[in-house]
Amino acid sequence: GAVVSQHPSRVICKSGTSVKIECRSLDFQATTMFWYRQFPKQSLMLMATSNEGSKATYEQGVEKDKFLINHASLTLSTLTVTSAHPEDSSFYICSARDPTVNTEAFFGQGTRLTVV
Amino acid sequence: DQQVKQNSPSLSVQEGRISILNCDYTNSMFDYFLWYKKYPAEGPTFLISISSIKDKNEDGRFTVFLNKSAKHLSLHIVPSQPGDSAVYFCAASQGFGNEKLTFGTGTRLTIIP
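Right under this line is the structure:
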C-alpha cells in the first residue's frame, strides 16, 4: 500500500543551526503534502500545506521564513527549520494522500527535533 | 481555539471489555471525521472514519458513532486487546480527501490484561 517516509526520525542540533526534514511518498505521487507539529501532550497542529511546484501555504501563526518548505518533486517535500531555537523542539510529522485511490492520508513516522 | 476536543486525556479498560473514546467538535463546517491511533515517536495510523451523512460506521472491532446535533463522536473498541494500548486522536475535516485535518488532543488508552 501507499507509504509515506520521513527522515531523519530523530535529530539533535545546536541552537542557531538549521535542520532539514524530508518527507517522501514511496509509491505514489503527491501534489500536496502536509506538515504537522506536535508538542508534548498536545494535539497535532497543521503548520503548512506543501504544494508541488508552487509556494507552500502556511497556517496562521507559523513563520514562513523560519519553516522553509520545498516541494520540488511529486514524491518529495522538505521542511527546513532555520536558525533553530530550543522552543522549536517538537515532533514534526508529514502526511500525504494518494489521489488515485480512495484512501485516507498516510502519515510519516515523524521526526523528533531537539534543539540544545 | 480548540475546535476538536477530547476531554479525557487517559482511559484504562480491562482486556475483553469495551473501550469508549469520546470526541467533541465546535466547527459546524466539519463533515468528515477520522480516528487515528498513535504510538510514541511514530506517526498516526488511520483507524476508521465517518462521513456526516452517516451516524455509524463499523470495521471489525472498531465502531464510530456520530451525533451531529450534539457535535459529538465516539469510538468503540470491543473487545479491547492489549495491543490497543496507544494514544487515540480524533480528527475532523471539511470533506473527504481534504488532508487538512484538525486534531483533538488525544486520549491515552491503556488496556489492562
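Going line by line, the protein sequences match chains A and B. If you use my numbering, the first sequence corresponds to residues 263 to 378, in order. If you use my numbering, the second sequence corresponds to residues 29 to 141, in order. By construction, the Cβ of each residue, glycine as well, lies at the ideal position given by its N, Cα and C atoms. In this text the structure is predicted, and so the values were computed from the model without any measurement.
- Buried is the label assigned to Asp350 (chain A), since at least 16 other Cβ atoms lie within 10 Å of its Cβ.
- In this structure, the alpha-carbon of Arg299 (chain A) lies about 9 angstroms from that of Gly372 (chain A).
- Separation of Phe90 (chain B) and Ser40 (chain B) (C-alpha to C-alpha, rounded to the nearest whole angstrom) is 17 angstroms.
- Contacts with chain A at 8 angstroms (Cβ-Cβ) include Ser77 (chain B).
- Phe329 (chain A) and Lys96 (chain B) have their C-alpha atoms roughly 37 angstroms apart.
- For Met307 (chain A), the beta-bridge partners assigned by DSSP are A:Arg299.
- When only Cα atoms are considered, Lys282 (chain A) and Ile46 (chain B) end up about 43 angstroms apart.
- About 7 angstroms separates the Cβ atoms of Ala120 (chain B) and Tyr60 (chain B), confirming a contact at the 8 angstroms cut-off.
- Within the same chain, and ignoring the five residues on either side of Asp83 (chain B) in sequence, the residues whose Cβ sits closer than 8 angstroms to its Cβ are Phe93, Leu94, Asn95, Lys96.
- Within the model, the alpha-carbon separation for Thr133 (chain B) versus Ala114 (chain B) is close to 13 angstroms.
- With fewer than 16 other Cβ atoms inside 10 Å of its own Cβ, Lys303 (chain A) counts as exposed.
- Of the candidates B:Phe117, B:Thr130, B:Thr138, B:Asn50, the residue whose Cα lies closest to the Cα of Phe58 (chain B) is B:Thr130.
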